[in-house]
Amino acid sequence: MSALGRVVRAGVGRRRVQTAVLVLTTLMSVTASVLAAGLLVAARAPFDHAFARQHGAHLTAQFDGTKVTAAQLTATARTSGVTATAGPFRTLSVRPRTASGSDALPAGVDLPPMTVAGRADASGRVDGLSLVSGTWATRPGQIVLAYGKVPMEPGGRLTFPDAPGSPTLTVVGVARSVTGTADAWVTPAQAGALTTPNSPSAYEMLYRFRHAGTDSQLAADRAAIRATVPKGALTGSYSYLAVKRQETANAMAFVPFLAAFGVLGLLLSVLVIGIVVSGAVGAATRRIGILKSLGFTPAQVVRAYVGQALIPAGVGCVLGLGLGNLLAVPVLGEVGTAFGGPAASIPVWVNAVVPAAALVLVAAAALVPALRAGRLRTVAAITVGRTPGVGRGRLVRRLTGRLPVPRAVSLGLANPCARPARSATTAAAVAFGAAAVTFGVGLALTLGAVQSGRMLNSAGQVVVEAGGGQGPAGAQVVHAGGESDIPKADPAKVAAVLRAQRGTGRFYGTAQAEAVASGITGTTTVVAYQGESSWGAPQLVSGRWLYGPGQAVVTTRFLKAAGLRVGDTVTLTERGRRTSVRIVGEAFFTEGEGMALLTPTSTLAALGLDAKPGQYHVQTKPGTALAPYLTSLNTALGPVGAVARANTSNASEVIATMDALVGTLTLMLVVVAGLGVLNTVVLDTRDRVHDLGVLKALGMAPRQTVTMVLTSVAGIGLLAGVAAVPAGVALHRLVTPLMGDAVGMTLPASDIAVYHAPQLALLALGGLLIAATGAFLPAGWAARSDTATALRSE
């Protein structure tokens, strides 16, 4: 090993505290940066690859067949900006029933409505379908199901009771459409045979455009298509961006706050590394002079100190790389398989670029103090001592000495002025840590609010199940006569029992069905409300809650998917019947992937569906004990045919993972900031070891020594904490809306405005706590130092 290598190794081994600080600093920053960059790329890659491989449709458009002909739709391929088309395909909404049974799905089950397209083959210039199993439908009597829609393999049979002749079709294949252009496909002739005289005539066209990278570009493309067909012919559309957001939502929600932690970590890394290397140079001035006297050139001295920073930083990079990839596994677990590819993972180039960039930053941060070491004159470096200049901070010490506080406290308050540059960097490190705490607490509060408000009808303490076979997926078991297996209880009797029950505050009923919504591919879950339900409504982002028939409330994701705004109209179709509802409000909820449509029960009645509530949501009066209330209520509901249970919403694993990551990264940032303080106080204590010896010789007790050292950072910590709180709040207000945008949702204002005066006051003390914790160990070392040894130190 060369002489320079031995110097570097000796420096790393001798300065254990500084080495630990550098390792943890780079570990934290690389972990957060790898996660942020990796998830941003890896979450989107499977969709992008599948979309390119299958020539996915930028826009899936639905047209009213009574207002436009197939020839006119074919002519839209010449619209400016269109590069490729497929169609027109005849489409219809049908409700099939299983004619054969399997372990996953028994016979005799009425399935939710599905959108069936008449398509001659699976290939095409747009939306080439990939067969997962089986073959393509080539003749009447055959059907191909979309992957993941119905748990049925090739060979299974579906009957269509509402179609002419109630035909039974055999499932011959299962195919995957990257943008979900239909729920099933049949031959064009079979599509015509399934159409009833009362069925609305509809077509589907698939488009690719020259410019379709943003929502605004797709909106312009959609407008161009609309202008080429008769007015009202375009009934709805669905963009690939909406599908992409929906499929990658869970992973993309992590990216904004991980990026924020990554930036904080990198900035704190640069700062702390500069503090550590600068302190190492200041504490080893005599050693640097000796090295130069032995023949080391200034360049070798610079390389030695940069190397002493890069070695522990390299260890931190390796550990951070492993930890970042490990934490990404649960987040990326389901990404990739949805598009027929391998499970997603962080790309190799991200694993290479992030550590390399971190090491470059470490080298740059260490270079400035290392250059100062290289420029030191040999004789001056050998003869210089550790004790600060005599006059440095003398005026401040005189002023603090007049304060009515113990002498140990006044000395501690004056100490930061002896080395103002070092004190300023310490304050900056503490401020980063305190800002991270403020940011992390805000994120935890926001995620808690999202957790409690993400499910529909979560405000009531009790749910009354009124029967009925239709569940959340819209499927129900039927008898030969067509009646559901579980009859619904009489709504009037259930309501009478609830009103008569002691402890009932207020309640409302909900019914659920599946229908086809214009602009949305496939079926849409319709949740219908009966009674005064504003107290149990989801949080609104804009508009207002339901206040009359013919209205609807949807999420931001629904609006973006359908290309609509609050005030627009949506047409619902079910078994040939249509009704239109006007969107009066934009709400926030994630149940059913945020694609449900909320409306009064009169909407279901207009579609000819069962509008009787299947559930009642009850809010009890204040002070009502839940267990006795449920026992008494179930006794009363028994003769009616309903049952009551406590309303327990399932916690989101994604949000739980977010909380764990936020807590882990916040703790790591705080530890790094605290270690930065520890390193600074260690250096300061070593620099002032002779002064400490004098003070101890004059009678300063160990407890007073601890007080003096802690006081020396208390003022810095308090000021840094007060300054950091607004920065943390501002960062939270910047990042949380981006988290909503990443998943195609708009977060309610109340979920963002989570800070209140008492919390801010406590958070302002965070800087003081970080500084005091970082200084505690060096204060103990200073208190235990031997007086005689300290007096001999120079």
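Per the working numbering, the very first residue in the sequence shown carries number 355; after that it's consecutive.
Even glycine gets a Cβ: it sits at the ideal position worked out from N, Cα and C.
These numbers come from a predicted model, not from an experiment.
Going straight from the alpha carbon of residue i to that of residue j, what length do you get?
{"i": "L958", "j": "T445", "result": "22 angstroms"}
{"i": "A1118", "j": "G1028", "result": "16 angstroms"}
{"i": "A717", "j": "A663", "result": "7 angstroms"}
{"i": "V375", "j": "A720", "result": "14 angstroms"}
{"i": "L987", "j": "T513", "result": "42 angstroms"}
{"i": "G794", "j": "R919", "result": "34 angstroms"}
{"i": "L765", "j": "L1037", "result": "17 angstroms"}
{"i": "Y592", "j": "D569", "result": "11 angstroms"}
{"i": "R1138", "j": "T1090", "result": "47 angstroms"}
{"i": "E928", "j": "V1025", "result": "59 angstroms"}
{"i": "Y659", "j": "L1023", "result": "25 angstroms"}
{"i": "G534", "j": "V525", "result": "18 angstroms"}
{"i": "R936", "j": "L625", "result": "55 angstroms"}
{"i": "L1116", "j": "S623", "result": "26 angstroms"}
{"i": "V708", "j": "M382", "result": "12 angstroms"}
{"i": "A1074", "j": "R776", "result": "14 angstroms"}
{"i": "A390", "j": "L715", "result": "18 angstroms"}
{"i": "T955", "j": "E868", "result": "13 angstroms"}
{"i": "A1078", "j": "H412", "result": "45 angstroms"}
Can you have a look at residue i and say buried or exposed, based on whether 16 or more other CB atoms are within 10 angstroms of its CB?
{"i": "H1086", "result": "buried"}
{"i": "G546", "result": "exposed"}
{"i": "D1170", "result": "Residue 1170 falls outside the range modelled here, since the chain spans only 355 to 1148, and no answer is possible."}
{"i": "V683", "result": "exposed"}
{"i": "Q372", "result": "buried"}
{"i": "T428", "result": "exposed"}
{"i": "R1057", "result": "exposed"}
{"i": "A573", "result": "exposed"}
{"i": "A710", "result": "exposed"}
{"i": "A1055", "result": "exposed"}
{"i": "L680", "result": "exposed"}
{"i": "G948", "result": "buried"}
{"i": "A500", "result": "buried"}
Would residue i count as contacting chain C if we go by Cβ distances under 7 angstroms?
{"i": "A718", "result": "Of the chains in the structure shown, none is chain C; there is only one protein chain."}
According to DSSP, is residue i part of a helix, a strand, or is it coil?
{"i": "S484", "result": "strand"}
{"i": "L801", "result": "helix"}
{"i": "I1158", "result": "Given that the chain is displayed from residue 355 to residue 1148, the structure contains no residue 1158 and the question cannot be resolved."}
{"i": "P1099", "result": "Note that residue 1099 is Met in the sequence shown here, rather than Pro. M1099 falls in the coil class under three-state DSSP."}
{"i": "L673", "result": "helix"}
{"i": "M1022", "result": "helix"}
{"i": "L413", "result": "strand"}
{"i": "R657", "result": "helix"}
{"i": "F861", "result": "strand"}
{"i": "H833", "result": "Residue placement at H833 cannot be trusted, given a pLDDT of 36 that sits under 50; what the coordinates show is reported in the next sentence. Looking at H833 - three-state DSSP - the assignment turns out to be coil, as it is neither helix nor strand."}
{"i": "F443", "result": "strand"}
{"i": "E886", "result": "coil"}
{"i": "T978", "result": "coil"}
{"i": "A941", "result": "strand"}
{"i": "M949", "result": "coil"}
{"i": "S591", "result": "strand"}
{"i": "E868", "result": "strand"}
Report the residue from the options whose alpha carbon sits nearest the alpha carbon of residue i.
{"i": "P903", "options": "G885, A798, N988, K975", "result": "G885"}
{"i": "A431", "options": "T541, A536, R562", "result": "R562"}
{"i": "G567", "options": "R511, L459, D402", "result": "D402"}
{"i": "L675", "options": "I497, L918, W703", "result": "W703"}
{"i": "L900", "options": "A1115, V881, A916, K914", "result": "V881"}
{"i": "R898", "options": "T933, A941, A915", "result": "A941"}
{"i": "G930", "options": "F405, T469, P521, T433", "result": "T469"}
{"i": "V1031", "options": "L612, V630, G509", "result": "V630"}
{"i": "Q571", "options": "S434, L485, L1023, L622", "result": "S434"}
{"i": "G392", "options": "L612, L713, G807", "result": "L612"}
{"i": "V384", "options": "A543, G441, R407, G670", "result": "G670"}
{"i": "Q969", "options": "G1047, T380, L810, G1082", "result": "L810"}
{"i": "G643", "options": "L730, A603, E558, A706", "result": "L730"}
{"i": "A517", "options": "S553, S531, V532", "result": "S553"}
{"i": "T1002", "options": "A440, S531, V972", "result": "V972"}
For the ligand MG, is there a heavy atom less than 6 angstroms away from the beta-carbon of residue i?
{"i": "V1097", "result": "Among the components modelled here there is no ligand, and therefore nothing to report on the ligand MG."}
Inset, instruction - Check whether the segment 1099–1108 touches the segment 802–815, counting contact only when three or more Cβ pairs, one atom from each stretch, lie closer than 8 angstroms. - result: yes
Inset, instruction - Taking 8 angstroms as the threshold, find out whether the segment 601–620 comes into contact with the segment 888–904 through three or more Cβ pairs. - result: no
Inset, instruction - Could you say if the segment 1056–1074 and the segment 1125–1136 meet the contact criterion of at least three C-beta pairs nearer than 8 angstroms? - result: Yes, the segment 1056–1074 touches the segment 1125–1136.
Legend entry - Cβ contact check for the segment 845–861 and the segment 984–1002: 3 or more pairs under 8 angstroms: Enough Cβ pairs lie closer than 8 angstroms, so yes.
Legend entry - Touching by the beta-carbon criterion (3+ pairs, under 8 angstroms), the segment 439–455 and the segment 611–628: no
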